[in-house]
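Protein chains: 2
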Amino acid sequence: MINTASSSDSLFRQVTDSIAISILSGDLEAGALVPTEPDPGAGFSASRSVYREALKYLSAKGLIEARQRSGTRVAPRSAWNLLDPDILRWALAGKIDEDFVRNLYELRLFVEPNAARLAALRRTPEQLTRIGAALTRMEQNPPYGDAIIEADLDYHGSIFDAAGNPALTCLKSVVISTLLWSMRLQRNKDPSLFSVPLADHQRVYRAIAQQNGEQAGTYMATLVNDALHDAIAALRHTRSGDTTKHIEKINQIY
Amino acid sequence: MINTASSSDSLFRQVTDSIAISILSGDLEAGALVPTEPDPGAGFSASRSVYREALKYLSAKGLIEARQRSGTRVAPRSAWNLLDPDILRWALAGKIDEDFVRNLYELRLFVEPNAARLAALRRTPEQLTRIGAALTRMEQNPPYGDAIIEADLDYHGSIFDAAGNPALTCLKSVVISTLLWSMRLQRNKDPSLFSVPLADHQRVYRAIAQQNGEQAGTYMATLVNDALHDAIAALRHTRSGDTTKHIEKINQIY
DNA sequence: CGTAGTAAAAATCATACTATAAACTACCGG
DNA sequence: CCGGTAGTTTATAGTATGATTTTTACTACG
Numbered sequence: 187m188i189n190t191a192s193s194s195d196s197l198f199r200q201v202t203d204s205i206a207i208s209i210l211s212g213d214l215e216a217g218a219l220v221p222t223e224p225d226p227g228a229g230f231s232a233s234r235s236v237y238r239e240a241l242k243y244l245s246a247k248g249l250i251e252a253r254q255r256s257g258t259r260v261a262p263r264s265a266w267n268l269l270d271p272d273i274l275r276w277a278l279a280g281k282i283d284e285d286f287v288r289n290l291y292e293l294r295l296f297v298e299p300n301a302a303r304l305a306a307l308r309r310t311p312e313q314l315t316r317i318g319a320a321l322t323r324m325e326q327n328p329p330y331g332d333a334i335i336e337a338d339l340d341y342h343g344s345i346f347d348a349a350g351n352p353a354l355t356c357l358k359s360v361v362i363s364t365l366l367w368s369m370r371l372q373r374n375k376d377p378s379l380f381s382v383p384l385a386d387h388q389r390v391y392r393a394i395a396q397q398n399g400e401q402a403g404t405y406m407a408t409l410v411n412d413a414l415h416d417a418i419a420a421l422r423h424t425r426s427g428d429t430t431k432h433i434e435k436i437n438q439i440y
Numbered sequence: 187m188i189n190t191a192s193s194s195d196s197l198f199r200q201v202t203d204s205i206a207i208s209i210l211s212g213d214l215e216a217g218a219l220v221p222t223e224p225d226p227g228a229g230f231s232a233s234r235s236v237y238r239e240a241l242k243y244l245s246a247k248g249l250i251e252a253r254q255r256s257g258t259r260v261a262p263r264s265a266w267n268l269l270d271p272d273i274l275r276w277a278l279a280g281k282i283d284e285d286f287v288r289n290l291y292e293l294r295l296f297v298e299p300n301a302a303r304l305a306a307l308r309r310t311p312e313q314l315t316r317i318g319a320a321l322t323r324m325e326q327n328p329p330y331g332d333a334i335i336e337a338d339l340d341y342h343g344s345i346f347d348a349a350g351n352p353a354l355t356c357l358k359s360v361v362i363s364t365l366l367w368s369m370r371l372q373r374n375k376d377p378s379l380f381s382v383p384l385a386d387h388q389r390v391y392r393a394i395a396q397q398n399g400e401q402a403g404t405y406m407a408t409l410v411n412d413a414l415h416d417a418i419a420a421l422r423h424t425r426s427g428d429t430t431k432h433i434e435k436i437n438q439i440y
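First to last, the sequence lines map onto chains A and B. Numbered according to the numbering used here, the first sequence spans residues 187 to 440. Numbered according to the numbering used here, the second sequence spans residues 187 to 440.
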C-alpha cells in the first residue's frame, strides 16, 4: 500500500492517515495487532510521541482498541464510527467498496428528504438566500470543476443548516463523501453521459422557498435517487485506472 | 464544575472526560483557549504526554482545534461530531439541554422507522430470533432495572443490525443516549405515571417477523413518537435534584 | 483447584529540542 | 509622510527519547 499522505502534512497526520488507510482498506484486518512502536518498514519514521498520539486519535474514531498486556488491536468493524468525516475520507482514499457507498446513499435517502422538509418549514430568509446563492453557483459554473463541487456541497449543507437540527447536520459528511465518490467515477467515463441534475436542485429550492415541506421532501428524495442511479450507471462505464490524484486534490477542499 | 470522572478510571480518561464535559456543558465556550499544559487547578494532575494525548483524542471528535502559534481552542459547535458515542455520553453527563434531546428524537424519527422497514425486508431468521429474545427480556424484567434497559437497547440495536446497513447502524448511539436520558427523567417523577411501551415494541416485532416492511416502519414511528411524548410528559413532572449517581451507574454498561 | 509469581504491553512521567506561523519591526519606494 | 514588503522575533504546537509504573494474561507451583 502506497502511503497517500503528502509529505507537506504534519508527521502526526502522515502516520494517522497511513495506519487508518491500512485499516479501512482491509490491509490490516479486524483483530490484527498494531505494532507497539512505530514500525520502521511502514513508510514513515516517527517518534513514540507522535505514534502514540496517532493511535489515540484512531481509537477516538473506534478504529483500534488498546488493552494492557494484550496489545493494541484493530477493532471490529461494528465499533468503527463510519459517519465520522475522517473515516469517510479514509474509506474514500483507497479502493472503494461499492456496497458501502450504496449504504451511504441509502442513509441519505432516509435523512436528506426530511432535512429538506424541515428546512422548508423552519428556514429564515437568510438561510434561503444562502441556499439560492449556492444553487446559482451550480448553474453558472462549468461541470466537473472544483467550483461546482463546492457549490453543490454548499447547497446541501445550507439545507441541513436550515433544518435547524444540529444532530442532523452532522450527517453532512455523508453527503460530502458520496458526492466526492460520484465525482471520482465520473472522471472515468464518457462525460457526455452525465449531466448535473440541476432540475432536481431547482425544484427542491423552489419548494423550500414556498415553505412547502412535503414537496421539498419528495423532490429531495428524487434528487438523491437520481444521484444514486447516475452513480451506479457511471460504475458500469468505469474503466480501471489511477484516479488517486484527482481525489487528493478534491480532498484538500476540506 | 465537579469532576465526574471516577478515580478508578485511567488518568487519560479522567483528563479527557474532564475537559470534554467542560466543553459540552458550555463551561468552556467555543473559541476559548485550552491551556497548553495540564492546568494544576483543573481537578487532575497529569504529565504532558497524557494531557496531549487527551487533546488529540478530543480533536478527533472535533471538539478542539490546535494551530501553531495561536494555541489550542474550543472548536465551533458546528464542528463537533454530535453523533459520536463519547460526545453523546459527555453531553448526557451534565445538565441536559432539552432542545438537543428533542433533536435526537427527531433524528430517530427519521432513521429508525426506515431501519425497522429494512429489517423486516432483509432480516435473517437468526436476526429475528435476537430481536425476539430482547423483546422477551423486556417483557419479563421489572421496569426501571438495568436489565430492562439493556434489553431495550438490545432490541433497538438488533433491529439496526438486521437492517443490513453498517452506516445506519452507527446511529445506534443516538438511541442509547435518548434512552438513558428518558431513564434519568423517569427516576424523578411518579413511577406510576410511566409504563414501558411494550405494546409498541411487540407489534414492531410482529411486523418484522411477518416481513411487512411498511407496517414495521409505521409502528416504529409510533414507538419513537410515544417515547418522545412520554419523555416530554416526564419533564413536566420532574423535580430538581441530584440524579448524577444513577446515570453514572447506567453509563458503566457501555 | 487455587494462588502466587512472572512478564508483556500499555500507561505514565520527565525533559529535551524543533518547526511553524503569527506578529512585529525595519526598511524601501512612492 | 504613507503604505507595503521583506526580514526577524517569538509563542506555541510538534517531535524526540529514555525511564518508570500499572495492569493483567499466563504459568508454575503448592
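A virtual CB, placed ideally from N, CA and C, is assigned to each residue, including glycine. These figures come from a predicted structure and were not determined experimentally.
Between which two residues does the alpha helix (DSSP H) holding THR404(A) run?
As a working mapping, residue 404(A) is identified with position 218 in the first sequence. Counting along the chain, the alpha helix (DSSP H) containing THR404(A) begins and ends at 399–422.
If we ignore side chains and look at the alpha-carbon of each, how far apart do GLY403(B) and LEU307(A) end up?
Your numbering for residue 403(B) matches position 217 in the second sequence. Your numbering for residue 307(A) matches position 121 in the first sequence. The alpha-carbon atoms of GLY403(B) and LEU307(A) are separated by roughly 24 angstroms.
Against PHE230(A), what residues of chain B qualify as contacts under a CB-to-CB distance less than 8 angstroms, listed in chain order?
Stepping through the first sequence from its first residue, residue 230(A) is reached at position 44. Within chain B, no residue comes near PHE230(A); the closest Cβ sits about 17 angstroms away, beyond 8 angstroms.
Would the segment 289–309 of chain A count as touching the segment 342–358 of chain A if we require 3 or more Cβ pairs under 8 angstroms?
Segments in contact, yes.
Does ARG199(B) get closer than 8 angstroms to chain A when you measure Cβ to Cβ?
Locating residue 199(B) in the second sequence gives position 13, counting from the first residue. Not an interface residue.
Considering Cα atoms alone, identify which of ILE334(B), ALA232(B), LEU219(B), ALA265(B) is closest to ARG255(B).
In the second sequence, counting from the first residue as 1, residue 255(B) sits at position 69. Checked all of ILE334(B), ALA232(B), LEU219(B), ALA265(B); the closest Cα to ARG255(B) is LEU219(B).
How about LEU339(B) and LEU371(B): are their beta carbons less than 8 angstroms apart?
Looking up residue 339(B) in the second sequence gives position 153. Looking up residue 371(B) in the second sequence gives position 185. For LEU339(B) and LEU371(B), no; Cβs fall outside 8 angstroms.
Using a Cβ-Cβ cutoff of 9 angstroms, what residues of the segment 258–270 of chain B are near chain A? List them in chain order.
So the list reads ARG263, SER264, TRP266, ASN267, LEU268, LEU269, ASP270, given in the order they occur along the chain.
So with CB distances below 8 angstroms, who are the chain A contacts of ASN351(B)?
Translated into the one-based positions of the second sequence, residue 351(B) becomes position 165. Going along chain A in sequence order, the residues near ASN351(B) (Cβ under 8 angstroms) are ASN289, GLU292, LEU293.
Between the beta-carbon of SER344(B) and the beta-carbon of ARG323(B), is there less than 8 angstroms?
Counted from its first residue, the second sequence places residue 344(B) at position 158. Counted from its first residue, the second sequence places residue 323(B) at position 137. No.
Answer with yes or no whether the minimum CB distance from ASN300(A) to chain B is below 8 angstroms.
Here residue 300(A) corresponds to residue number 114 of the first sequence, with the count starting at 1. So yes, ASN300(A) belongs to the interface.
Just to confirm my understanding: we take ARG233(A), look at its own chain, exclude 5 residues before and 5 after, and list those with CB closer than 8 angstroms. What are they?
Taking the first residue of the first sequence as 1, we reach residue 233(A) at position 47. One point to set straight first is that residue 233(A) is Ser, not Arg, in the sequence displayed. Cβ within range, chain order: PRO224.
Can you pull the chain B residues whose beta carbon is under 8 angstroms from the beta carbon of ARG238(A), in chain order?
By 1-based counting over the first sequence, the position of residue 238(A) is 52. Under the 8 angstroms cutoff, chain B gives SER235, GLU239.
Rounded to a whole number of angstroms, what is the C-alpha to C-alpha distance between THR190(B) and PRO271(A)?
The sequence position of residue 190(B) within the second sequence is 4, counting from 1. The sequence position of residue 271(A) within the first sequence is 85, counting from 1. Reliability of the predicted coordinates at THR190(B) is poor, the pLDDT of 47 falling under 50, and the value obtained from them is presented with this limitation in mind. So the two alpha carbons sit approximately 29 angstroms from each other.
For the beta strand (DSSP E) that THR258(A) lies in, which residues bound it at each end?
For the purposes of this step, residue 258(A) is identified with residue 72 of the first sequence, where counting begins at 1. THR258(A) -> beta strand (DSSP E) spans 257–260.
How about VAL410(B) and LEU295(B): are their beta carbons less than 8 angstroms apart?
The count along the second sequence starts at 1 and reaches residue 410(B) at position 224. The count along the second sequence starts at 1 and reaches residue 295(B) at position 109. Contact flag set, yes.
Our contact map puts ASN267(A) next to LYS242(A) with C-beta atoms below 8 angstroms; I'd like the distance itself, whole angstroms only.
As a first step, residue 267(A) must be located in the first sequence, where it is residue number 81. As a first step, residue 242(A) must be located in the first sequence, where it is residue number 56. Wrong, their Cβ atoms sit about 15 angstroms apart, outside the cutoff.
Please classify GLY257(B) as buried or exposed, where buried requires at least 16 neighbouring CB atoms within 10 angstroms.
The residue you call residue 257(B) lines up with position 71 of the second sequence. Answer is exposed; the Cβ neighbour count stays below 16.
Is the Cβ-Cβ distance between ALA320(B) and SER368(B) less than 8 angstroms?
Counting from 1 along the second sequence, the entry for residue 320(B) is found at position 134. Counting from 1 along the second sequence, the entry for residue 368(B) is found at position 182. No, these two residues do not count as a Cβ contact at 8 angstroms.
Please report the straight-line C-alpha distance between GLY331(A) and TYR341(A), rounded to a whole angstrom.
As a first step, residue 331(A) is located in the first sequence; it is residue number 145 there, counting from the start. As a first step, residue 341(A) is located in the first sequence; it is residue number 155 there, counting from the start. Distance between the alpha carbons of GLY331(A) and TYR341(A) is about 16 angstroms.
Run the CB neighbour count on HIS423(A), radius 10 Å, all protein chains shown included, and call it buried at 16 or more, exposed below.
Stepping through the first sequence from its first residue, residue 423(A) is reached at position 237. The residue is exposed, with fewer than 16 neighbouring Cβ atoms inside 10 Å.
Name the residue from SER211(A), VAL360(A), CYS356(A), ALA385(A) whose alpha carbon lies nearest to the alpha carbon of ASN289(B).
Against the second sequence, residue 289(B) aligns to sequence position 103. It is CYS356(A).
Assuming the contact rule is C-beta atoms closer than 8 angstroms, SER359(B) and LEU269(B) should be a hit. Round their C-beta distance to whole Å, please.
Against the second sequence, residue 359(B) aligns to sequence position 173. Against the second sequence, residue 269(B) aligns to sequence position 83. Sure, about 6 angstroms apart at Cβ, within 8 angstroms.
Would the beta-carbon of ALA393(B) fall within 8 angstroms of that of TYR405(B)?
Taking the first residue of the second sequence as position 1, residue 393(B) is located at position 207. Taking the first residue of the second sequence as position 1, residue 405(B) is located at position 219. Yes. Within cutoff.
Which chain A residues are close to TYR243(B), counting only those with a beta carbon under 8 angstroms from its beta carbon?
Numbered from its first residue, the second sequence carries residue 243(B) at position 57. Correct list: LYS242, TYR243, SER245, ALA246.
Hey, how far is the Cα of ALA301(A) from the Cα of PHE346(A)?
As a working note, residue 301(A) is residue 115 in the first sequence. As a working note, residue 346(A) is residue 160 in the first sequence. Rounded to whole angstroms, ALA301(A) to PHE346(A) spans 6 angstroms at the Cα level.
For chain B, is any of its Cβ atoms less than 8 angstroms away from the one on LEU365(A)?
One-based indexing of the first sequence puts residue 365(A) at position 179. So, not an interface residue.
Give the C-beta separation of ALA228(B) and SER196(B) to the nearest angstrom, bearing in mind that I take them to be a contact with Cβ-Cβ under 8 angstroms.
Here residue 228(B) corresponds to residue number 42 of the second sequence, with the count starting at 1. Here residue 196(B) corresponds to residue number 10 of the second sequence, with the count starting at 1. Contact flag wrong, Cβ pair sits at about 17 angstroms.
Taking ILE250(B) as the reference, give the member of ILE209(B), ASP412(B), ASP283(B), ASP285(B) with the closest Cα.
Counting from one through the second sequence, the residue named residue 250(B) turns up at place 64. Cα-wise, what sits closest to ILE250(B) is ILE209(B).
If you drop the 5 nearest sequence neighbours on each side, which residues of the same chain put their C-beta closer than 8 angstroms to that of ASN398(B)?
Position 212 of the second sequence, counted from the first residue, corresponds to residue 398(B). For ASN398(B), where only same-chain residues beyond five positions count, the Cβ hits under 8 angstroms are ALA306.
Could you confirm whether any beta carbon from chain B is found closer than 8 angstroms to the beta carbon of SER194(A)?
Within the first sequence, the letter at position 8 stands for residue 194(A). With 8 angstroms as the cut-off, SER194(A) does not count as an interface residue toward chain B.
Under the assumption that TYR291(B) contacts LEU414(B) (Cβ atoms under 8 angstroms), give the Cβ distance between them as a whole number of angstroms.
Residue 291(B) sits at position 105 when you count from the first residue of the second sequence. Residue 414(B) sits at position 228 when you count from the first residue of the second sequence. Correct: roughly 4 angstroms between the Cβ atoms.
Please report whether the beta-carbon of LEU278(B) lies at a distance below 8 angstroms from any beta-carbon of chain A.
One-based indexing of the second sequence puts residue 278(B) at position 92. Not one chain A Cβ lies under 8 angstroms of LEU278(B).
Measuring only between beta-carbons, confirm whether PHE296(B) sits less than 8 angstroms from chain A.
Position 110 of the second sequence, counting from 1, holds the residue named residue 296(B). Interface residue, yes.
Is it the case that the Cβ atoms of ARG303(A) and GLU400(A) are separated by a distance below 8 angstroms?
Locating residue 303(A) in the first sequence gives position 117, where the first residue counts as 1. Locating residue 400(A) in the first sequence gives position 214, where the first residue counts as 1. Closer than 8 angstroms, so yes.
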